[in-house]
Amino acid sequence: MQFSDDSQDSYFFSQPHQPFFVLAFISAIVTMLTFLLSYKGIIHMWISPSNFHAYGLTYLLFTPAFFGFLFTTFPRFSSTPSIEKKVYMRVFSFYYMGATLFLLGSVVSPVLSAVGMVLLFIGHSLGFLILKNIYTTTTMEDRHDIFWILLAMGMGVLAHFIFIIGQLFVPSLVGFSTEISTYLYLFLLAFSVAQRMVPFFSHSMVEKHENLLKQIFILLVLHILLEGIYTNSSFIVDFILAYIIGKELLRWKLPFPNPNPLLWILHLSLFWVPVAFLLSGLVNLISLTTSVYFLALDVHVIILGFVLTILIGFGTRVTLGHSGNQMFADKWTKFFFIWTQVVVLLRILTSLLASLGFNFMILFDITATAWIVMFIAWALRFFAVLIVGKKLTE
Numbered sequence: 001m002q003f004s005d006d007s008q009d010s011y012f013f014s015q016p017h018q019p020f021f022v023l024a025f026i027s028a029i030v031t032m033l034t035f036l037l038s039y040k041g042i043i044h045m046w047i048s049p050s051n052f053h054a055y056g057l058t059y060l061l062f063t064p065a066f067f068g069f070l071f072t073t074f075p076r077f078s079s080t081p082s083i084e085k086k087v088y089m090r091v092f093s094f095y096y097m098g099a100t101l102f103l104l105g106s107v108v109s110p111v112l113s114a115v116g117m118v119l120l121f122i123g124h125s126l127g128f129l130i131l132k133n134i135y136t137t138t139t140m141e142d143r144h145d146i147f148w149i150l151l152a153m154g155m156g157v158l159a160h161f162i163f164i165i166g167q168l169f170v171p172s173l174v175g176f177s178t179e180i181s182t183y184l185y186l187f188l189l190a191f192s193v194a195q196r197m198v199p200f201f202s203h204s205m206v207e208k209h210e211n212l213l214k215q216i217f218i219l220l221v222l223h224i225l226l227e228g229i230y231t232n233s234s235f236i237v238d239f240i241l242a243y244i245i246g247k248e249l250l251r252w253k254l255p256f257p258n259p260n261p262l263l264w265i266l267h268l269s270l271f272w273v274p275v276a277f278l279l280s281g282l283v284n285l286i287s288l289t290t291s292v293y294f295l296a297l298d299v300h301v302i303i304l305g306f307v308l309t310i311l312i313g314f315g316t317r318v319t320l321g322h323s324g325n326q327m328f329a330d331k332w333t334k335f336f337f338i339w340t341q342v343v344v345l346l347r348i349l350t351s352l353l354a355s356l357g358f359n360f361m362i363l364f365d366i367t368a369t370a371w372i373v374m375f376i377a378w379a380l381r382f383f384a385v386l387i388v389g390k391k392l393t394e
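Start counting the sequence shown at 1; every next residue gets the next number (my numbering).
Given below as C-alpha cells:
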C-alpha cells in the first residue's frame, strides 16, 4: 500500500500537510453529500446515516487534517527533526485506502466498509505512535502542551476502536464512542493547540495557566460519565466549563475585533467555546425537564463553531505560510471565513426550528449544501497551492 517513487518525489507529497489536507477536504465534500442523499432516502447505505455522519466527519475529515497539521508542527513544538517523508506517507497510504473503501463500502458492501474502517484505524494508530515517539525522544523540559495534544490524539484512537467495535458488534457503544471523540479528542486536541498558538500569534503576553487543560480534561470526563449514567444530566458541568473557559479567554485579552482576518477567525473560533458549553448546559437542562429535542445542537456548536472554524483558520494559515505565499487574507479568504460562520449559524437555526416542532428539512438541506459549497470553494482556491505550489494573486 505504497505510492511509487515518482509520485513521492512530487511537490504534492513534499510536505505532510499537503496530501492530508487534500484528502480531508475531499472527504468532507463526499461524506456530506452521501449523508444528505442517504438522509433523504435517495441512496441506501449499509451503515446508519447518523453513524456514517459521525464517523465520516471525525475520522475522514478532522483526523487527517489534524495529522497534516501536527506532522508539520509537532516536531517544531518538540524541538525535534522533521518527520521523514517515508514515515508520514505510510500513514497517508492507510488513510487514502481506508477512506476510499469506507466511502465506497458504505453504499456498496458492509465488508468493504468494515475493511475501510480497519485501515483507517491502523493509519490513526500509526500516526499516534509517530507523535508518541517524538514526545518520548524530545529533550525539552517543558512538555506541557505536547502532552495534552498527544493525550487527546490517544483518546481519538481509543474512541475510534470503540466505534468500530460498536458498529460491527455492540451498537450501544457507538454513542459512548461519539462522546469521547467529541470532547476528549476533537475538542481537547483543537483547544490544546489553540491555547498554545493563538495567544502567541496575537502577541498576548499573559502568563500561561498551567492547570487549565487539566481542569478542562477532568470536567470533560465528568461530562461523559454523567451522560453515560443519565442523558442530559451534565448541564452543571457544561455551565462550569463555559465559565472557566470564558474567564480564561478574557484574561488573554485577545485583540478582537482585529483587522487581520487570519487572526480574527482564530479568535472567533475560541469565542464559540464558552458559547457552545453555555448552550449545551441550557439544552441539557431543558431536555432533562421537558420533551423538547434540539437535534444535537450542543455537539454541533462545539464542533462547527470551534473545531471547524479553527480548522479552516489554521488550515488556511499553514497552506499559505508553507507554500511561499504571503501570509495575507485576500477577498476570497475572507469569504471562506465568513461562509464558515454562515454554516454554523444555519446549523444552529436548524436545531432551533426542530426544537419548536417546525419542519426543519428545507433548512437542513440548505445547511448541508452550504457546507459542501464552502469546501468546494476552498478547494478551488487552495488545492493548486497544496498540489503544485501555486502562487496566489487577488
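Using N, Cα and C, we set each Cβ at its ideal position, and we do this for glycine too.
Checklist entry - Is Pro-81 helix, strand or coil by DSSP? => result coil
Checklist entry - Using DSSP with H/G/I as helix, E/B as strand and the rest coil, what is His-322? => result coil
Next on the checklist: Residues in the same chain with beta-carbon distance under 8 Å from Gly-324, minus the five sequence neighbours each way, listed in chain order, please.
Outcome noted: Gly-389, Lys-391
Next on the checklist: Only counting the same chain, and skipping five residues up and downstream in sequence, which positions put a Cβ closer than 7 Å to that of Phe-383?
Outcome noted: Val-22
Checklist entry - Going straight from the alpha carbon of Glu-227 to that of Tyr-55, what length do you get? => result 20 Å
Checklist entry - Between Leu-398 and Val-344, what straight-line distance do the alpha-carbon atoms span, to the nearest angstrom? => result The chain is shown from 1 up to 394; residue 398 falls before or after that span and cannot be answered.
Next on the checklist: Our contact map puts Phe-335 next to Gly-281 with C-beta atoms below 8 Å; I'd like the distance itself, whole angstroms only.
Outcome noted: Actually they are not in contact, since the Cβ atoms of Phe-335 and Gly-281 sit about 33 Å apart, beyond 8 Å.
Checklist entry - Considering only C-alpha positions, which residue in the set Phe-200, Lys-86, Asn-359 is nearest to Ser-14? => result Lys-86
Item to check | For Gln-15, three-class secondary structure by DSSP | outcome: coil
Checklist entry - What's the gap between the Cα of Asn-51 and the Cα of Met-205? => result 43 Å
Checklist entry - Under the three-state reduction of DSSP, which class applies to Val-221: helix, strand or coil? => result helix
Checklist entry - Terminal residues of the continuous alpha helix (DSSP H) containing Gly-154? => result 144-168
Checklist entry - Can Tyr-243 and Pro-274 be called in contact, C-beta distance under 9 Å? => result yes
Item to check | Endpoints, the alpha helix (DSSP H) within which Asp-330 is located | outcome: Here Asp-330 belongs to no alpha helix (DSSP H), and DSSP marks it neither H nor E.
Item to check | Through-space distance from Gly-105 to Leu-353, alpha-carbon basis | outcome: 33 Å
Item to check | Whole-angstrom distance between Leu-129 and Leu-158, CA atom to CA atom | outcome: 13 Å
Item to check | Same chain, Cβ closer than 6 Å to Trp-148, neighbours up to 5 away in sequence not counted | outcome: Ser-192, Leu-213
Item to check | Rounded straight-line distance, which links the Cα of Phe-306 to that of Leu-279 | outcome: 13 Å
Item to check | Helix, strand or coil at Thr-231 [DSSP, three-state] | outcome: coil
Checklist entry - For Ala-99 versus Ser-27, is the C-beta distance shorter than 9 Å? => result yes
Item to check | Three or more C-beta pairs below 8 Å linking the segment 290-300 and the segment 32-49 | outcome: no
Next on the checklist: Let's test the definition: count the other Cβ atoms within 10 Å of the Cβ of Glu-210 and tell me whether it reaches 16, buried, or not, exposed.
Outcome noted: exposed
Item to check | Per-residue DSSP class, three states only, for Ser-177 | outcome: helix
Item to check | Buried versus exposed call for Ile-338 [16 or more other C-beta atoms within 10 Å across all chains shown] | outcome: exposed
Checklist entry - Hey, Leu-36 and Thr-340: beta-carbon distance below 9 Å or not? => result no
Checklist entry - Taking C-beta to C-beta, are Ile-29 and Ile-366 nearer than 9 Å? => result no
Item to check | Pairwise C-alpha distance: Val-174 and Val-342 | outcome: 29 Å
Item to check | Asp-238 burial status per 10 Å Cβ neighbour count (16 or more: buried) | outcome: buried
Checklist entry - Among Thr-139, Pro-171, Glu-179, which has the Cα closest to the Cα of Met-155? => result Glu-179
Item to check | Assigned exposure category for Thr-72 - 16 Cβ within 10 Å defines buried | outcome: buried
Next on the checklist: Output needed for Ser-82: all residues of its chain with C-beta closer than 7 Å, excluding positions within five of it in sequence on either side, in chain order.
Outcome noted: Pro-75
Checklist entry - For the alpha helix (DSSP H) that contains Ile-265, what are its first and last residues? => result 261-289
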